[in-house]
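Residue numbers (the UniProt record's numbering): 1 to 431.
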């Protein structure tokens with residue numbers, strides 16, 4: 001019989017109990033995954049329109065190798081990315097207090113933007129929201145104009161493109177020289193470190209006038225936080241004079257002073273305010289400076305600050321209650337102190353007294369001075385002044401005057417005919 005042909009398949013070797021064997025896999029049987037693909041095949045798969053931007057973000061976050069190989073920002077067109085971030089910004093609840101920076105493509109807090117970049121046309125639903133950039137990108141990236149004021153958080157900063165920093169007015173860089181930054185923990189200038197001490201600052205501020213305190217408060221952010229002119233100034237006359245000068249010079253911004261709808265002065269915070277800042281009763285308290293208790297007028301802000309049920313400023317309210325109007329110089333003063341306005345305006349007060357005395361001296365009673373006037377005109381004036389009938393019956397011919405007996409009135413009227421001069425030198429008519 002013929003013998004069978006030998007098999008090409010190798011038979012497995014017999015395994016002896018108690019021994020282990022090692023199995024080697026062929027390289028052709030290694031499983032192929034996405035990170036091990038050649039780069040040309042990988043780009044062919046992930047390039048749009050095969051995958052959109054959200055899918056690329058999810059795919060790049062699956063492993064370290066894919067995160068290094070896939071960059072969604074470079075593979076996706078800008079218009080598609082902008083549409084995705086705007087949708088997430090407007091509809092995802094976790095981003096309610098955040099905005100997108102379309103330069104660094106991050107969701108950051110809304111306070112990390114300039115005031116003009118987080119509201120209006122650059123706001124969440126504005127038509128220019130795709131051009132928004134955060135404060136860090138704008139300052140360090142030189143996106144703001146060089147040394148042009150930019151408002152952020154109520155303060156004005158001046159970004160510098162040379163050093164990549166932005167400082168307020170006292171810390172701004174010059175056009176050719178950059179201001180070095182303050183040392184960490186330095187506390188600012190020597191004056192700022194001095195006023196930080198409560199006792200020293202209180203004594204220093206008490207020696208300054210109201211106008212100087214207002215200017216000192218505008219020096220830096222530290223001074224703005226420390227200096228409070230209304231509470232620290234001891235000269236109420238200086239505050240009254242300052243607000244009245246500001247009120248008369250505020251017609252260009254607030255309206256015509258003295259008109260029915262013009263600005264008024266608030267004597268709680270000593271600022272000129274518009275009609276919208278007052279209640280109707282406070283605004284109509286006095287329409288002019290010299291009428292009524294105009295010095296008791298307070299704006300809405302001061303009323304809430306004085307009379308809030310829980311947060312009332314009792315010290316400011318007590319200081320306001322001490323204010324009275326001086327009866328001599330018509331300026332504000334404290335009730336328990338001498339009037340500083342009378343000391344400053346001594347010359348004006350003396351001039352007012354002189355004019356008042358001259359005006360009173362010029363006043364005279366024409367009826368009491370009628371006898372001297374008649375003596376110059378008529379030699380028989382004593383008889384007329386005593387009310388007796390003149391001796392001459394033909395006074396009309398003499399041209400001096402006559403007594404007229406009116407049938408309708410009991411009083412007598414003495415008139416002149418030819419001279420046309422009446423009692424007290426007042427011209428009267430003969431008929």
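Ideal placement from N, C-alpha and C gives every residue a C-beta, glycine not left out.
Boundaries of the alpha helix (DSSP H) in which residue 323 is found, first to last residue: Locating residue 323 in the chain shown gives position 323, counting from the first residue. No alpha helix (DSSP H) contains residue 323, which is instead part of the beta strand (DSSP E) from 323-325.
Spatial neighbours of residue 151 within its chain, please: C-beta separation below 8 Å, excluding the five flanking residues on both sides. Within the chain shown, numbered from 1, the residue matching residue 151 stands at position 151. 114, 115, 116 and 157.
With the cut-off set at 8 Å, would you say residue 206 and residue 234 are in Cβ contact? For this step, residue 206 is matched to residue 206 along the chain shown. For this step, residue 234 is matched to residue 234 along the chain shown. Yes, Cβ-Cβ distance for residue 206 and residue 234 is below 8 Å.
For residue 297, is the classification buried or exposed, using 16 other Cβ atoms within 10 angstroms of its Cβ as the cut-off for buried? Translated into positions along the chain shown, residue 297 becomes position 297. The residue is buried, with at least 16 neighbouring Cβ atoms inside 10 Å.
Can you check which of these residues, 46, 343 and 271, is closest to residue 249 by C-alpha distance? If you number the chain shown from 1, residue 249 lands on position 249. Residue 249 has its Cα closest to that of 271, out of 46, 343 and 271.
Beta-carbon separation of residue 306 and residue 322 under 8 Å? One-based indexing of the chain shown puts residue 306 at position 306. One-based indexing of the chain shown puts residue 322 at position 322. Their beta carbons are not under 8 Å apart, which means residue 306 does not touch residue 322 by this criterion.
Reference residue 57, options 96, 75 and 238, closest by Cα: The residue given as residue 57 occupies position 57 in the chain shown. That would be 75, whose Cα lies nearest to the Cα of residue 57.
Between which two residues does the alpha helix (DSSP H) harbouring residue 264 extend? Against the chain shown, residue 264 aligns to sequence position 264. It is not in any alpha helix (DSSP H) - residue 264 instead sits in the beta strand (DSSP E) that spans 264-266.
In chain order, what residues of the same chain have a beta carbon less than 6 Å from the beta carbon of residue 144, not counting five sequence neighbours either side? Indexing the chain shown from 1 puts residue 144 at position 144. Hits under 6 Å: 138, 150 and 159.
Determine the extent of the beta strand (DSSP E) in which residue 107 is found, giving its start and end residues. Within the chain shown, numbered from 1, the residue matching residue 107 stands at position 107. It spans 106-109 - the beta strand (DSSP E) in which residue 107 sits, taken as one unbroken run.
For the beta strand (DSSP E) containing residue 152, name the first residue and the last one. Locating residue 152 in the chain shown gives position 152, counting from the first residue. Residues 150-152.
In this structure, does DSSP put residue 303 in helix, strand or coil? Your numbering for residue 303 matches position 303 in the chain shown. Of the three classes helix, strand and coil, the one that applies to residue 303 here is helix, per DSSP.
7 Å CB neighbourhood of residue 109 in its chain, flanking five on each side removed: As a first step, residue 109 must be located in the chain shown, where it is residue number 109. Result list for residue 109: 97 and 98, in chain order.
Could you say which of 315, 309 and 281 lies nearest to residue 299 if we only look at CA atoms? Start at 1 with the first residue of the chain shown, and residue 299 comes out as number 299. The option with the nearest alpha carbon to residue 299 is 281.
Could you give the residue range of the beta strand (DSSP E) that holds residue 48? Taking the first residue of the chain shown as position 1, residue 48 is located at position 48. Looking at the DSSP string, residue 48 is not in any beta strand (DSSP E), and its letter there is neither H nor E.
In whole angstroms, what separates the C-alpha of residue 48 from that of residue 171? Start at 1 with the first residue of the chain shown, and residue 48 comes out as number 48. Start at 1 with the first residue of the chain shown, and residue 171 comes out as number 171. Those two C-alpha atoms are separated by around 49 Å.
May I ask which residues mark the beginning and end of the beta strand (DSSP E) holding residue 75? Counted from its first residue, the chain shown places residue 75 at position 75. Taken as a continuous stretch (DSSP letters only), residue 75 belongs to no beta strand (DSSP E), being part of the alpha helix (DSSP H) at 72-75.
Of the residues 293, 166 and 203, which one's Cα is nearest the Cα of residue 136? Here residue 136 is taken as the residue at index 136 of the chain shown, counted from 1. Looking at the Cα atoms, 166 is the closest of the given residues.
Grab me the residues of residue 406's own chain with a C-beta within less than 6 Å of its C-beta, minus the 5 sequence neighbours each way, in chain order. Position 406 of the chain shown holds residue 406. Model confidence at residue 406 stands at a pLDDT of 40, short of 50, so the residue's coordinates are unreliable; what they give is reported in the following sentence. There are no such residues.
Could you pull the DSSP bridge partners for residue 444 from this structure? No statement about residue 444 is possible, as the shown extent of the chain runs from 1 to 431 and does not include it.
Kindly list the residues whose CB is nearer than 7 Å to the CB of residue 53, restricted to its own chain and excluding five residues on each side of it in sequence; keep chain order. For the purposes of this step, residue 53 is taken as the residue at position 53 of the chain shown. Same-chain partners within the cutoff: 72, 76, 80, 81 and 84.
From what residue to what residue does the beta strand (DSSP E) around residue 334 run? One-based indexing of the chain shown puts residue 334 at position 334. 332-334 is the extent of the beta strand (DSSP E) around residue 334.
Just verifying my parser: in three-state terms, what is the DSSP assignment at residue 236? Here residue 236 corresponds to residue number 236 of the chain shown, with the count starting at 1. If DSSP states are grouped into helix, strand and coil, residue 236 belongs with the helices.
Per DSSP, which residues does residue 155 bridge with? Please list them. In the chain shown, the residue the question calls residue 155 occupies position 155. In the DSSP output, where bridge partners are listed per residue, residue 155 has 152.
Segment limits, alpha helix (DSSP H) that includes residue 217: Numbered from its first residue, the chain shown carries residue 217 at position 217. Unbroken alpha helix (DSSP H) run through residue 217: 210-217.
CB residue 89 to CB residue 119, shorter than 8 Å? For the purposes of this step, residue 89 is identified with residue 89 of the chain shown, where counting begins at 1. For the purposes of this step, residue 119 is identified with residue 119 of the chain shown, where counting begins at 1. Going by C-beta atoms, residue 89 is not nearer than 8 Å to residue 119.
Are the beta-carbon atoms belonging to residue 178 and residue 162 less than 8 Å from one another? For the purposes of this step, residue 178 is taken as the residue at position 178 of the chain shown. For the purposes of this step, residue 162 is taken as the residue at position 162 of the chain shown. Yes.
Nearest to residue 240 (by Cα), restricted to the options 66, 294 and 102: In the chain shown, counting from the first residue as 1, residue 240 sits at position 240. Nearest option by C-alpha distance: 294.
So the beta strand (DSSP E) residue 272 belongs to, where does it begin and stop? Here the question's residue 272 lines up with position 272 in the chain shown. Where residue 272 is concerned, the enclosing beta strand (DSSP E) stretches over 271-273.
Grab the span of the alpha helix (DSSP H) containing residue 226 for me, first residue to last. Mapped onto the chain shown, residue 226 falls at position 226. Taken as a continuous stretch (DSSP letters only), the alpha helix (DSSP H) holding residue 226 covers 221-226.
Backbone CA spacing between residue 33 and residue 78 [nearest angstrom]: Position 33 of the chain shown, counting from 1, holds the residue named residue 33. Position 78 of the chain shown, counting from 1, holds the residue named residue 78. Spanning the two alpha carbons is a distance of roughly 30 Å.
Buried or exposed by the 16-neighbour rule on C-beta atoms within 10 Å, applied to residue 229: Here residue 229 refers to the residue found at position 229 of the chain shown. Its Cβ being crowded by 16 or more others within 10 Å, residue 229 is buried.
Which listed residue (331, 326, 127 and 112) has its alpha carbon closest to that of residue 154: Looking up residue 154 in the chain shown gives position 154. Nearest option by C-alpha distance: 112.
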